[in-house]
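One structure is given below, encoded as structure tokens.
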Amino acid sequence: MLELADDELVLGWRNSEWTGIAPFLEEDVAFSSIAQNEIGHARALYELAAAELGTTADELAFDRKPEEYRSAPLVELRRLEWARTIARHWLYETADEIRLAALKASDDVELAGIAAKMDREEAYHRMHAEMWVDRLLSTDDGRFRLNEAIDELW
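In the numbering used here, the protein residues as written are 2 to 155.
In structure tokens, the structure reads:
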């Protein structure tokens, strides 16, 4: 659970780095909204983990040493070039869909409920990522940049 919470928190931070500098104003708003959702998901998961570990969500989120975070290297990459950001967005959201499906089937009712709520919000993240993948694939340059980014990040 900490791994998922850490992924969501770090990805939220990374997505927020596009605020004010995304290629379009709409993307400033979109990535800011996605970032807020991811950080909110992290918060819910940290709360659940904190109850089991006898600590607080804030301590789990902010009071650990860097090497104690268990986030995936993919989400840790700082502000990438736009096509690489979209590739990461698409790769992460695709994998997250599989992870959330498994969590929604959990015997832990609280975890399954959190996963179901997250998945409802993540559906919009997936649509956003897919829209941008389609947009990049619609031009030769975009296709080249996206394929190069996926090859690099995969």
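Just so it is clear, CB atoms sit at the ideal spot from N, CA and C, and this is done for glycine as well.
Quick caveat: nothing in here was measured; it's all calculated off a predicted structure.
Collapsing the DSSP output to three states places glutamate 18 in coil. DSSP places glutamate 48 in the uninterrupted alpha helix (DSSP H) bounded by 26 to 54. Collapsing the DSSP output to three states places leucine 78 in coil.
Per the Cβ contact rule, the stretch 12 to 23 is not in contact with the stretch 56 to 71 (fewer than 3 Cβ pairs under 8 angstroms). For tryptophan 14, the closest C-alpha among the options Ala36, Asp109, Glu94 is that of Ala36.
Minimum Cα-Cα distance from glutamate 131 among the listed residues Leu12, Trp83, Ala103, Ile87 corresponds to Ile87. The beta carbon of tyrosine 93 sits closer than 7 angstroms to those of Leu12, Leu75, Val76, all from its chain and outside the five residues before and after it, given in chain order. Annotated three-state conformation of alanine 23 is coil, per DSSP.
Judged by beta-carbon spacing, glutamate 122 lies within the 7 angstroms limit of asparagine 38, meaning their Cβ atoms are closer than that value. Around the CB of phenylalanine 32, 16 or more other CB atoms lie within 10 Å, so the residue is classed as buried. DSSP, reduced to helix, strand and coil, places alanine 150 within a helical segment of the structure shown. Per the C-alpha coordinates, the member of Tyr70, Val30, Asp7, Leu3 positioned closest to histidine 126 is Val30.
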